[in-house]
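Chains as they are written, first to last, in the numbering used here: chain A, 1 to 225; chain B, 1 to 225; chain C, 1 to 225; chain D, 1 to 225; chain E, 1 to 225; chain F, 1 to 225; chain G, 1 to 225; chain H, 1 to 225. Cβ atoms here follow ideal geometry from the backbone N, Cα and C, with glycine treated the same way. What follows is a short report on a single structure.
There are 8 protein chains.
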Amino acid sequence: MLQFEKNDKLVFIGDSITDCNRARPVGEGLFDAIGKGYVGLVEALLTSTYPELGIRVVNMGTSGHRVRDLKERWQTDVIDLKPDWLAIMIGTNDIWRQYDVPTMTENHVYIEEYEATLEELILQTILQSKPKLKGLVLMTPFFIEPNKADRMRATMDQYGEVVKRLAAKHGAILVDTQAAFDKVLKHLYSATLAWDRVHPTQAGHAIIARSFLKSVGFDYTKDPE
Amino acid sequence: MLQFEKNDKLVFIGDSITDCNRARPVGEGLFDAIGKGYVGLVEALLTSTYPELGIRVVNMGTSGHRVRDLKERWQTDVIDLKPDWLAIMIGTNDIWRQYDVPTMTENHVYIEEYEATLEELILQTILQSKPKLKGLVLMTPFFIEPNKADRMRATMDQYGEVVKRLAAKHGAILVDTQAAFDKVLKHLYSATLAWDRVHPTQAGHAIIARSFLKSVGFDYTKDPE
Amino acid sequence: MLQFEKNDKLVFIGDSITDCNRARPVGEGLFDAIGKGYVGLVEALLTSTYPELGIRVVNMGTSGHRVRDLKERWQTDVIDLKPDWLAIMIGTNDIWRQYDVPTMTENHVYIEEYEATLEELILQTILQSKPKLKGLVLMTPFFIEPNKADRMRATMDQYGEVVKRLAAKHGAILVDTQAAFDKVLKHLYSATLAWDRVHPTQAGHAIIARSFLKSVGFDYTKDPE
Amino acid sequence: MLQFEKNDKLVFIGDSITDCNRARPVGEGLFDAIGKGYVGLVEALLTSTYPELGIRVVNMGTSGHRVRDLKERWQTDVIDLKPDWLAIMIGTNDIWRQYDVPTMTENHVYIEEYEATLEELILQTILQSKPKLKGLVLMTPFFIEPNKADRMRATMDQYGEVVKRLAAKHGAILVDTQAAFDKVLKHLYSATLAWDRVHPTQAGHAIIARSFLKSVGFDYTKDPE
Amino acid sequence: MLQFEKNDKLVFIGDSITDCNRARPVGEGLFDAIGKGYVGLVEALLTSTYPELGIRVVNMGTSGHRVRDLKERWQTDVIDLKPDWLAIMIGTNDIWRQYDVPTMTENHVYIEEYEATLEELILQTILQSKPKLKGLVLMTPFFIEPNKADRMRATMDQYGEVVKRLAAKHGAILVDTQAAFDKVLKHLYSATLAWDRVHPTQAGHAIIARSFLKSVGFDYTKDPE
Amino acid sequence: MLQFEKNDKLVFIGDSITDCNRARPVGEGLFDAIGKGYVGLVEALLTSTYPELGIRVVNMGTSGHRVRDLKERWQTDVIDLKPDWLAIMIGTNDIWRQYDVPTMTENHVYIEEYEATLEELILQTILQSKPKLKGLVLMTPFFIEPNKADRMRATMDQYGEVVKRLAAKHGAILVDTQAAFDKVLKHLYSATLAWDRVHPTQAGHAIIARSFLKSVGFDYTKDPE
Amino acid sequence: MLQFEKNDKLVFIGDSITDCNRARPVGEGLFDAIGKGYVGLVEALLTSTYPELGIRVVNMGTSGHRVRDLKERWQTDVIDLKPDWLAIMIGTNDIWRQYDVPTMTENHVYIEEYEATLEELILQTILQSKPKLKGLVLMTPFFIEPNKADRMRATMDQYGEVVKRLAAKHGAILVDTQAAFDKVLKHLYSATLAWDRVHPTQAGHAIIARSFLKSVGFDYTKDPE
Amino acid sequence: MLQFEKNDKLVFIGDSITDCNRARPVGEGLFDAIGKGYVGLVEALLTSTYPELGIRVVNMGTSGHRVRDLKERWQTDVIDLKPDWLAIMIGTNDIWRQYDVPTMTENHVYIEEYEATLEELILQTILQSKPKLKGLVLMTPFFIEPNKADRMRATMDQYGEVVKRLAAKHGAILVDTQAAFDKVLKHLYSATLAWDRVHPTQAGHAIIARSFLKSVGFDYTKDPE
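Right, here's the structure in full:
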């Protein structure tokens, strides 16, 4: 059964995969202000299926961001928005910069900093949110590459483990987006879902959205009546 | 159970609600060539859930078109594409022009012409398609207005009846998009789904996509594995 | 007989229906600085019919504004301009946000706040204007929908009642734009006048302009000689 | 009393003063296709005041055109549109080119050609129109300059005399736009109505529109009911 | 004989007739930074005829400016540039606003303010310039209208008299641009030189440039050798 | 004394130095259709000084053209325009391509072809022009480089000799633009007049215009009266 | 030793990796008409090192092309250009479409067609070129992915084998670009050289250019003297 | 042997020849942030040949800058970036302004200021860099003109002497770009390498890049393995 209650406010934060051209400063409201990625899709499915609940979805993704960047804007972009639910998907750029600009080491966020910062943000949210956060969703970052020996995929899996560990430790709902992609990658080559293995097509965003919705008890068979 | 078979080609044709900025001349392929409306959403859900089937989705919607305009391009835009499945949603502009430019009567497509032309296109497709069409889906046009006494809504319902009658007569699958919107409109005011009551938000497109998928046996609980 | 006197300055304030792409910061002067909606039309009819009066028309409408937003800029955008006459038409967005983004409740301006704020602005203008305001015109907001059972129309009518009440209480001239539209809607479907039932065509702006001019004694039979 | 009957189609043809950014190839329909000059204003006043008549207004003005250019497109742009009423205002560029590019004599349309061509077009319309033209309106060209000794104004007055003569000869309704402007010019300097004394402001367009409407019996006191 | 000496710096200040799209903040240097009006022409003729002198020409015209606006920027745009020679042509907008926006009286600069301000700027320049100004050129504003009974022309002539008076009083070189235009207007209609009678064509700018050069002793028969 | 007579039509043809953004297909008329290079300057000086003559100046320059390209368009761009006077300045690109894309030899126009083609065009014009050409002006191409040992300058001088020879042979007026530039280059480095030594600044265009005007008897001391 | 002779013309043909925004219709000449990829780099190194040879480099790459597309334009884009040397690098899109739009099978060029078409083009060039082709360079397509088990890489290697086979069979010079990339990929992750593993950075283009130059005997130690 | 060590950071600073559209504020990273001139070429050749070294190249060129401008930004744009190696090429605009805007003397940087400022920057870098600078490369500015008697070339040679003197005095590596261009100019006319003799084509940038790489021991025969 859907875990959200009437009028719950659900905030998503992350990087370009979350952003998808959302409005500034707050990604909510008319004219696709919520962006056209998985967040828009989640909102569309929630609103069309549970119109009576009036779930409020806010997209606070920012292209290029790493967990280090989220920390800079956590107060204004998460705490001040007073979410009932918060979903975090971060880590792609923390890792990618290690592989696409390997010499610019000051731009890399290595796994220790990643874990420490992410946990700090989780704790801050749990402790400081008023009203109290009803639920936290941690989504693993993913790399659309099935070869686990690939260096960037291997790193991604390590960061994914951090997310899983923190979800368990802090009682958050876990969304294993990498696992969801892996199932599809058995049938489709990575280029079908993303030329750069990072920014998904609509089908890729559907994979993320459906993983998220599954984790919060979304019922597709429900009718709005 | 999903009615599509491996490698089936599914063509959607219609007006701006179908179009959603699809590529020209054929709405298929990389870079959102399929548009970002309900067709894109259908494709995303099919590909992410049934990647092993390799369903091929083609968007041939054109903004502003009426059934009279579809007739002009039926050979190139439907028959020549050799669809296995064809979905038609047309009628909004046939009616709307009667209400937004009432004096330009030569632009109106009244119900007799609507029914005759639509049936002609259906028959042409059934008879001429090679390979033989596996399935035809007729989707009613809709107006996002719950007041059945509203003049445009009343006309829309009459055209919807035509679609239902033709679906029954020719053994097509019927998608009653108006009924699907009506359920949501019990909870939401029309402006939430479309400022002009015609062009839907993402949530509105999700209503259409889900109605369509339900009619062809889409199974949300299936896993790609 | 026209109530304006030689060289009177007439300021219009409101939302997008007033704005119509006026110049910033002050909507007055060359090159359609006054916008091309009902304000431009009022100015055109005044200047062409009463050129000897030198009436000065200023457009201070701002798209998207609610009465709450007018309050923020009342000093600079009304009081500081030293109007002889002031016309206010506000309320559409105060209501619309309740219907198009129902979950974002902090953006809604409910009727109590609407009435209190509007009255506060009226009083402030009457009391603080130097030179003394010669005349105040209160124009009801409108919704181009004839069905009074429509939820947004019903709300609009309530806000319209507030405007009428305040006009009576403070001796302002009342322009019942909703009544003017209702007469035309007996003959034309709403889509002819506005796709979204809010932003009028040129014909819709003519309805507003003519209602306004009637209320201030404009004489169409007068010749400029 | 208004001379137009229910569903009459009224075509305006002329130069840039008529054009005002109308749609191509035919200036009629949604989204200000009719342009935002005096034609748009005429349409707005007709539709808002006589909505029950369903008058259809079409703008076929083209910037820069002279009577010689109208002749080139008369079949497609007038006859083929089957107007019930036709309004012609031409001559400004026929004259202006004599004054702004005096050496390019092949671009000048002198008064003999002007008169002969205009009469030819009038006769062609009266004789060939099917259904029969109900009414013809001839509008003088104008120059927003009160000094009758000004060389271009003097020439304009001669061309205006041609229009008056042809109106009388062929039983057309005459609209003396120059006379209408002259009345306003007693009170306003020409620059208030047009920097170049040719292309009017909104107030200038109101002068033209009101002259036209007066000539066809428009009743401002009528209510749409 | 040319009054300028080797390496003299010549600053022009004025309105849009001077400006002609000059560079900001200082109109001097490569890529037509000097604008393409009469200032550019003066510079081109000086440089091509007296290349050995290295005359430095600076354009400080600003579109829309009146003498009141020049006063605001006199320190930075004239004094700080340390001109050897200064040419001023101002007044068109001081007058034009009285005729094109007659109701916006706070934008008008009447003749008393015009004279007082212009004299103040002249005195400030003579007294404060270091190094001492070698020469001051006062150019009358002009209106490309030969009819001296025209209201705006009549006003222009009054302002022109002010310029002549001040030139005589302060020993400045006078350039009577109006007289120069009047000679040409005996042969050409105003529209040939400027559609709005204010902003000249290249030929109009040549009239100004040649008047200026004549006043400073430019010798066309000189060869650069 | 000026050699042009009342209403003479003067056509300039050439390359980018002539073109300067002229209008298409014919460079004549309002809004700087004549371009803003030396042709515009010639026209401005002629019109401002001899307004009573009504000289008609047409600019048919096309960027990048060589004599070979002129030949392609000679009928439409020269003969059909029925010039009274024709001025030709061509050769820069014929030579430049030999130096900036030396390997693309099919783009080079060597001196034999240059001379033969130019003479062919001259003869064609003299023989076929109706009405008979009153005067032909041949302008040498130029290179803004004083070093005669420079390879491109040396070639330019050879082509200039061809122009001089043909002028003498066919009784044309010769304008030695190279000589005019050389005088100025004694005082100014080439970069002051053109960064690429080909496309002149306004000062450079003034050098060309003045050379041309001198050759046709232009009198700077004349007043328009 | 460099195999090219004085004035040799070298044509490159291929897809987007070759194209890099070259000019149309022929990629040769001023202003980077040759594109800024490996072809531009080859030209830059040839011209700077062997300026005395006047090697002429032409870029005929077209984005998105497959060998099937090259066939369509082979006559105009290769034969008609009369190359002395021809370099072909094609195959990426022939393969990529199999992986990024797997359902659109008519867009795939499978290995049999690839080999047959490529050989046909080679033979046509050898047989029909006049003057006779001096040298043919066949460059393997490449995929910037070191994992040979990757499906697309595996396919790429098969197509590379075709190229090697044809090079051997027809006596062409072989450039094994894949091998060149593989060496670098031992040290750098693929994302450093291309986000999508196809379109290289400048460093990636340097790898291709250097492989090509090595194959034709380019000598980096040579000085232009 | 290449003088750079693993992970060395190499900063280039200069004017537009260095800039070539690099990213702001720091020219390093993805998407050609490094610009597409000689710096991009150096980086491409280093990365493709020595991928194991991870050399980090940063482009800090700014169009139009002179040594005087470098001084303004030396702290942020050089010192703060903590380069291991620094390459400076400056002087073109210091000289060019003396020749293209000779009258604007305050924009000229004469040789005394050039030498003093350049030495000051060198000393500041050597003394203040932490970690200590490993190597300094001084590149002469150049002018693509072989005639040493040309005034701007002669001046350039004097500034080049300053660079050579300072390189010798401070133990910097010298890159004589002028000498490198001179060798090529024996075979090619200057226009082949730069229309304005300053901004090089790709071939010109290759000349600079190869001179630089030669000076730091780059080995073209090395393979990345």
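Residues of the segment 43-56 of chain H that bring their beta carbon within less than 8 Å of a beta carbon in chain A comprise Gly-54, Ile-55 and Arg-56, in sequence order. Contact annotation: H:Met-89 and H:Met-156 have beta-carbon atoms that are not nearer than 9 Å. Taking a C-beta distance under 9 Å as the contact criterion, D:Arg-66 and D:Asp-94 qualify as a contact pair. B:Gly-14 has B:Met-89 as its beta-bridge partners, per DSSP.
Distance check between G:Glu-28 and each of G:Met-104, G:Leu-118, G:Asn-59 and G:Glu-119 places G:Asn-59 closest, using alpha-carbon atoms only.
Contact between H:Ala-209 and H:Val-42 holds: CB atoms are separated by about 5 Å, below the 8 Å threshold. Relative to G:Ala-172, the option among G:Leu-118, G:Tyr-50 and G:Pro-200 whose CA is nearest is G:Leu-118.
Contact check for H:Asp-84 against H:Pro-131 passes: the beta carbons are separated by less than 9 Å. Uninterrupted beta strand (DSSP E) stretches at least 3 residues long and entirely within the segment 60-131 of chain F occur at 85-89, given in chain order.
If the five residues before and after G:Cys-20 are omitted, its C-beta is found closer than 6 Å to the C-beta atoms of Gly-35, Lys-36 and Gly-37, all from its own chain and listed in chain order. Bounds of any alpha helix (DSSP H) do not take in A:Met-139; it lies within the beta strand (DSSP E) bounded by 135-139. Within a 10 Å sphere around the beta-carbon of B:Thr-201 sit 16 or more other beta-carbons, which makes this residue buried. Listed along chain G are Thr-47 and Pro-51, each with a C-beta nearer than 8 Å to that of H:Leu-188. In this model, H:Ile-126 and B:Arg-22 are separated by some 59 Å (Cα to Cα).
One alpha carbon belongs to B:Ile-17, the other to B:Ala-206, and they sit about 12 Å apart. Ranked by Cα distance from C:Lys-71, the first of C:Glu-115, C:Ser-190 and C:Thr-221 is C:Glu-115. Assigned with DSSP and collapsed to three states, H:Gly-35 falls in coil, not helix or strand.
For F:Lys-186, the three-state secondary structure derived from DSSP is coil. The three-state secondary structure of C:Val-175, taken from DSSP, is strand. Around the C-beta of B:Ala-180, 16 or more other C-beta atoms lie within 10 Å, and the residue is accordingly described as buried.
Only exposed fits E:Gly-64, as fewer than 16 other CB atoms lie within 10 angstroms of its CB. The beta carbon of A:Ala-33 sits closer than 7 Å to those of Arg-22, Ala-23 and Gly-27, all from its chain and outside the five residues before and after it, given in chain order. Annotated three-state conformation of H:Arg-22 is coil, per DSSP.
As computed with DSSP, E:Val-57 is found in a beta bridge with E:Leu-10. Residues of the segment 150-182 of chain A whose Cβ lies closer than 7 Å to any Cβ of chain G, in chain order: Asp-150, Arg-151 and Met-152. Under a 10 Å Cβ-count criterion, E:Leu-188 is classified as buried, with 16 or more other Cβ atoms of the shown protein chains found around its own Cβ.
The beta carbon of F:Asp-176 lies closer than 6 Å to those of Thr-140 in the same chain, with the five residues before and after it left out. Residues of chain H whose Cβ lies closer than 7 Å to the Cβ of A:Val-109 do not exist; the shortest such Cβ separation is about 16 Å.
For E:Thr-192 and D:Ala-194, the gap between their C-alpha atoms comes out near 17 Å. Neighbourhood of F:Asp-100 in chain G, by CB distance below 7 Å: Leu-30, in chain order. Taking a C-beta distance under 9 Å as the contact criterion, H:Leu-53 and H:Phe-218 do not qualify as a contact pair. Taking a Cβ-Cβ cut-off of 8 Å, the neighbours of G:Asn-7 in chain F comprise Thr-103, given in sequence order.
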